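Some notes on the structure that comes next.
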Amino acid sequence: MANMPPRPAGATDPAIKVYEHANLGGWQLAFIGEQVNNIGSDANDKISSVQVLSGKWELFADAEFKGTKLTLGKGTVPDLAPLGLNDKVSSLRPVAW
Numbered sequence: 209m210a211n212m213p214p215r216p217a218g219a220t221d222p223a224i225k226v227y228e229h230a231n232l233g234g235w236q237l238a239f240i241g242e243q244v245n246n247i248g249s250d251a252n253d254k255i256s257s258v259q260v261l262s263g264k265w266e267l268f269a270d271a272e273f274k275g276t277k278l279t280l281g282k283g284t285v286p287d288l289a290p291l292g293l294n295d296k297v298s299s300l301r302p303v304a305w
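The opening position of the sequence shown corresponds to residue 209 in our numbering, with each subsequent residue numbered one higher.
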C-alpha cells in the first residue's frame, strides 16, 4: 500500500467492493488493501456501483491510475453515472486507512 500514511492504531486494511450494475447489482469483486493498476478485461469499463467498506479509495477511468479520478470514503455509491464513471473504471487504489 504505497503512498499511504502510517497505519493508525486499530485501523483495518482498506476494503472496497465493486459491482457490475447500479444499486450493488450483478457480479461483485472485492479488493482489500491492494492497488489495481489494470482491473482486467472481465471488469474493465463494467463497474456501475461501489461500496467502500473501509479506508479511502481512488477510482480511475484509465489503467495505471490515469484519467478521470474519483476519491471515495466509507459508504455506498449506488450509481456511478452521476459522477461520470459508470462503466468507465479501469484502475483503483487505496489512499488512506
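C-beta atoms are modelled at their ideal positions from N, C-alpha and C, and glycine is treated no differently. Only a predicted model underlies this, so the values are computations on that prediction, with no experimental measurement involved.
Mind checking who Asp270 pairs with in its DSSP beta bridge?
Lys274
Grab me the residues of Ala238's own chain with a C-beta within less than 6 Å of its C-beta, minus the 5 sequence neighbours each way, in chain order.
Lys225
Would you please state the rounded distance, in angstroms, between the beta carbons of Ile240 and Asp295? I believe it to be under 8 Å.
Not quite, the Cβ-Cβ distance comes to about 24 Å (not below 8 Å), so this is no contact.
What residue from Leu232, Thr220, Ala217 has the CA that sits closest to Thr284's CA?
Leu232
Compare the beta carbon distance of Leu293 and Leu278 with 8 Å and say whether it is the shorter of the two.
yes
Take Gln259 and list the residues in its own chain whose beta-carbon comes closer than 6 Å to its own, dropping the five residues that flank it on each side.
Lys225, Thr284
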